[in-house]
Amino acid sequence: MDGETLARVGYLAIILVALGGWVMVEFRQRMGQALRMGLAWGLIFVGIIAGYGLWSDIRRDVMPIQEVAASGAVEVPRSADGHYYLTLVINGTSVPFMVDTGASGMVLGSRDAERLGIDPESLAFRGQANTANGVVRTARVSLDTVELGPFRNENFGAFVTEGQLDQSLLGMDYLGQFRMEFDGAKLVLRQ
16 MDGETLARVG
26 YLAIILVALG
36 GWVMVEFRQR
46 MGQALRMGLA
56 WGLIFVGIIA
66 GYGLWSDIRR
76 DVMPIQEVAA
86 SGAVEVPRSA
96 DGHYYLTLVI
106 NGTSVPFMVD
116 TGASGMVLGS
126 RDAERLGIDP
136 ESLAFRGQAN
146 TANGVVRTAR
156 VSLDTVELGP
166 FRNENFGAFV
176 TEGQLDQSLL
186 GMDYLGQFRM
196 EFDGAKLVLR
206 Q
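With the working numbering applied, the sequence shown covers 16 to 206.
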């Protein structure tokens with residue numbers, strides 16, 4: 016043990032001795048109650064540690080994620096809100112999308128565009144798109160690489176919206192390259 020680790024262990028031991036001494040003085044007439052409280056807090060601590068350790072297993076139920084099946088198909092579970100969400104890797108950066116079969120193009124929100132190194136201030140917003148929130152202006156961009164599991168596209172065209180878009184949308188110009196099947200509570204994409 017180096018000096019710093021030894022000092023930390025000593026400091027922790029002093030804190031534990033002080034806390035233990037306080038418990039002994041405070042509960043000297045009620046030692047049974049002190050033991051019950053200590054046991055309760057110990058179980059709470061163990062429960063938190065177990066929850067943390069099991070989070071990777073629980074996460075699949077709480078926040079479903081896409082998977083690549085052995086056949087090479089991409090399987091996307093339906094989220095609790097009824098939508099399907101895919102994460103594409105664009106130019107090496109993971110970008111979450113909501114599957115929108117009513118959208119014609121791949122639409123990036125300004126925050127996602129900035130994460131990809133696209134400066135929305137430098138874009139010429141010459142196009143328009145009709146959305147559920149009205150008409151928004153759009154700018155066309157080209158994405159060097161777009162990857163979904165084993166599938167890869169190069170120089171793929173997309174749009175960046177001028178207005179606020181909380182969630183980037185994955186439209187039919189991208190989804191059209193796949194055979195889409197809705198199998199119960201999941202979407203299956205195959206080429």
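Every residue, glycine too, gets a C-beta built ideally from N, C-alpha and C.
Exposed unless 16 or more other CB atoms sit within 10 angstroms - verdict on residue i
| i | result |
| --- | --- |
| L158 | buried |
| I59 | exposed |
| S86 | exposed |
| I30 | exposed |
| F112 | buried |
| L103 | buried |
| I80 | exposed |
| V61 | exposed |
| G186 | buried |
| L184 | buried |
Residue i versus residue j - alpha carbon distance
| i | j | result |
| --- | --- | --- |
| F42 | M52 | 11 Å |
| A144 | A65 | 48 Å |
| Y100 | A128 | 18 Å |
| S94 | S109 | 19 Å |
| I63 | R194 | 43 Å |
| A33 | A55 | 20 Å |
| G26 | V161 | The amino acid at residue 26 is misidentified as Gly; the sequence shows Tyr. C-alpha separation (whole angstroms): 52 Å. |
| V156 | A28 | 60 Å |
| R126 | P135 | 9 Å |
| T20 | M46 | 34 Å |
| F166 | Q179 | 29 Å |
Contact belief for residue i with residue j at Cβ below 8 Å, rounded distance in angstroms
| i | j | result |
| --- | --- | --- |
| D181 | G124 | 7 Å |
| R205 | E177 | R205 to E177, Cβ: 35 Å. No contact. |
| A49 | V38 | 6 Å |
Beta-carbon proximity check, residue i vs residue j, cutoff 8 Å
| i | j | result |
| --- | --- | --- |
| L202 | V91 | yes |
| V89 | G164 | yes |
| A154 | L138 | yes |
### Message
Across the segment 113-124 and the segment 157-175, are there enough close Cβ pairs to call them in contact, namely three or more that are closer than 8 Å?
### Response
Yes: at least three Cβ pairs fall under 8 Å.
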